[in-house]
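Colleague: Chains as they are written, first to last, in the working numbering: chain A, 1 to 279; chain B, 1001 to 1261.
1) Taking the alpha carbon of residue 279 of chain A as the reference point, which residue from B:1159, B:1170 and B:1184 has its own alpha carbon closest?
2) Which residues of chain A have a Cβ atom closer than 9 Å to the Cβ of residue 1185 of chain B, listed in chain order?
3) Keeping to the same chain, check which residues put their C-beta closer than 6 Å to that of residue 99 of chain A; ignore five residues upstream and five downstream.
4) Who are the neighbours of residue 30 of chain A on chain B, taking C-beta pairs under 7 Å?
5) Sort B:1164, B:1134 and B:1042 by Cα distance to residue 1254 of chain B and report the nearest one.
6) I'd like to check one pair, residue 60 of chain A with residue 249 of chain A: are the Cβ atoms closer than 9 Å?
7) Could you tell me which chain B residues have their CB closer than 8 Å to the CB of residue 175 of chain A, listed as they occur along the chain?
8) Pull up the distance between the alpha-carbon of residue 238 of chain A and that of residue 142 of chain A, whole angstroms please.
9) Between which two residues does the beta strand (DSSP E) containing residue 1173 of chain B stretch?
10) With a CB to CB cut of under 6 Å and the five nearest residues on each side skipped, what residues in its chain are close to residue 151 of chain A?
11) Could you check where the beta strand (DSSP E) with residue 190 of chain A kicks off and where it finishes?
12) Please give me, in chain order, every unbroken run of the alpha helix (DSSP H) with length at least 4 that falls completely inside the region 164-249 of chain A.
13) So, under 8 Å CB-CB, residue 1204 of chain B and residue 1161 of chain B are touching, yes? Tell me the CB distance rounded to an integer number of Å.
14) Closer than 9 Å, CB to CB, is residue 1010 of chain B near chain A or not?
15) Straight-line CA distance for residue 1119 of chain B to residue 1137 of chain B?
16) Cβ of residue 1213 of chain B less than 9 Å from any chain A Cβ?
17) Between the Cα of residue 1030 of chain B and the Cα atoms of B:1259, B:1083, B:1078 and B:1087, which residue gives the shortest distance?
18) So with Cβ pairs under 9 Å, would you call residue 1259 of chain B a contact of chain A?
19) Please report how far the alpha carbon of residue 140 of chain A lies from the alpha carbon of residue 1219 of chain B, in whole angstroms.
20) On the criterion of 16 or more Cβ atoms from any shown chain inside 10 Å, does residue 1227 of chain B qualify as buried, or is it exposed?
21) Report the residues of the region 85-115 of chain A with a CB closer than 7 Å to any CB of chain B, ordered along the chain.
22) Exposed or buried, residue 1188 of chain B, counting other C-beta atoms within 10 Å across all chains shown (16 or more means buried)?
23) Assuming residue 1175 of chain B and residue 1117 of chain B make a contact with CB atoms under 8 Å, what is their CB distance in whole Å?
24) Suppose the cutoff is 7 Å on Cβ atoms and the five residues either side in sequence are ignored; what does the same chain contact list for residue 15 of chain A look like?
25) Starting from residue 241 of chain A, find everything on chain B with Cβ-Cβ shorter than 7 Å and list it in chain order.
Written out as structure tokens, the structure reads:
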């Protein structure tokens, strides 16, 4: 804990904790479970790291909707898996003077919010926190293949029913897309949240009935899954979208932070499915 | 006429110099010396497409996108994969030849992958300037625009971001793995496929945030297949202008996805 001397001169009125954002992140770095990388996306993206933490929000993507909910809930440190400023490096868009960027910065400043990105090191944790979170959100923990957070043996169902279940449980709007015969009986599920490459699909699809993925490419895993079906295999692939597939993993992050940072309230704020579809 | 003679004819009529270094526009399956019975143009030589082309008597497939699941159609490590064996065996047994036509098809001006999509959308004559791929539409709402796009393209699984009530007019178009930036003067970015986040500029988050502040922005994600299939119909039409020996038909690979209700 920081001493009072270090906090002198900072606005503390009404705050429940003397912990700064920099100190909270320092604690995360020490407990990440692996050495902290020098080249990493996991840095402060907005706000003053010396800000006293009133509460922490975890999210898959720090959209304006998430930031507004965080501000209303008095959570001023936002831990985000994906960018806050619409790009890998979280820099200002070119050309300069973008109104959406300016308005988001202004909102952050006015509400005293601090945004820190937690991507590289969170994804590297074992057991895979994104797959663990997705399985928890779906109530699949009892079905986990022993010691393997990526594979689950469900009571047999159809590909169509499984897609419908995911739609309901994950509160999806239009983000879910499916490959395969809807009537295919599926039992063993392989989880590939986030972005995954062809190699993962080629390894998992032969061993599973269905892959539940976040984002894959149409000329890679999508074509492979479609060809597998065309070759007569009773298989399927369900794509959730990247953020929808990663959202529950940040609930696991919130649970972890509650233990690590007991001084501040911690809450998971799902970013939700970004997509809709006309009738 | 052999498959390699078909490619020779294409090279002669292309109107742009051939890049001998291309790894994309090469034969992917079958023997180039095969006598061609018919040509099928398509977005992607999926196994299902190759099977349907065979059933239709078209033994040469001109495909825009890969056959073996990677941009380079790298097959060196696929030998033990049963789906790879199945696809190769089907081609060999049925004397099917697959040739990719990507870079050089895009290199022509105008690029008919864009032209084909604009035609399918009913946007011909609305381009802001030649080869800019920006279209000025009569002002409408994002909701009405998206509904019109879905109806015209028959897309089951397309996805939209933004406030359906937003007033929009200026649309930037991408095809394939490309959705243009929606910042600046562009109201709507429409395209095939893109990374949802973590790119150089992420339209999805930007449009969601713009909508939060009441901005009139939208993103329409068609799917890679939906965005590039119409251009391969135009490819079939173009091939018929200089190949008359064999039938040429556009056969859609089709949208790979369905969406749960």
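Ideal Cβ positions, reconstructed from N, Cα and C, are used throughout, including at glycine. The structure presented is a predicted model; accordingly, all values stated were derived computationally and were not measured.
Modeller: Looking at the atomic coordinates:
1) Measuring from the Cα of residue 279 of chain A, the nearest candidate turns out to be B:1159.
2) Residues of chain A with a Cβ closer than 9 Å to the Cβ of residue 1185 of chain B do not exist, since the nearest Cβ in that chain sits about 11 Å away.
3) There are no such residues.
4) Neighbours of residue 30 of chain A in chain B, taken as residues whose beta carbon is under 7 Å from its own, are absent, since the nearest beta carbon is some 26 Å off.
5) It is B:1042 whose Cα lies nearest to the Cα of residue 1254 of chain B.
6) The Cβ-Cβ distance between residue 249 of chain A and residue 60 of chain A falls below 9 Å.
7) Under the 8 Å cutoff, chain B gives 1159.
8) Here the alpha carbons of residue 142 of chain A and residue 238 of chain A stand approximately 21 Å from one another.
9) Residue 1173 of chain B -> beta strand (DSSP E) spans 1167-1173.
10) Closer than 6 Å at Cβ, skipping near neighbours: 145 and 190.
11) First-last of the beta strand (DSSP E) with residue 190 of chain A: 185-195.
12) Restricting attention to alpha helix (DSSP H) runs no shorter than 4 residues, the region 164-249 of chain A encloses them at 198-204 and 221-230, ordered along the chain.
13) 5 Å between Cβ atoms; contact.
14) Not closer than 9 Å to any Cβ of chain A, the Cβ of residue 1010 of chain B fails to qualify, so no.
15) Each residue's alpha carbon lies about 14 Å from the other.
16) Under the 9 Å criterion on CB atoms, residue 1213 of chain B is classed as interfacial with respect to chain A.
17) Taking only the C-alpha atoms, the option nearest residue 1030 of chain B is B:1087.
18) Taking Cβ atoms only, chain A reaches closer than 9 Å to residue 1259 of chain B, which makes this a yes.
19) Taking the CA atoms as reference points, residue 140 of chain A sits about 34 Å from residue 1219 of chain B.
20) In summary, residue 1227 of chain B is buried, with 16 or more beta-carbon neighbours lying within 10 Å of its beta-carbon over all protein chains present.
21) Residues passing the 7 Å Cβ filter: 86, 87, 88, 93, 98, 100, 103 and 104.
22) Its Cβ being crowded by 16 or more others within 10 Å, residue 1188 of chain B is buried.
23) Going by Cβ atoms, the distance from residue 1175 of chain B to residue 1117 of chain B rounds to 6 Å, so yes, they are a contact pair.
24) For residue 15 of chain A, the pLDDT reaches just 48, beneath the cut-off of 50, and the residue's location in the model is therefore unreliable, although a value from the coordinates is still provided. Cβ neighbours of residue 15 of chain A beyond the five flanking positions: 52 and 54.
25) Result: 1196.
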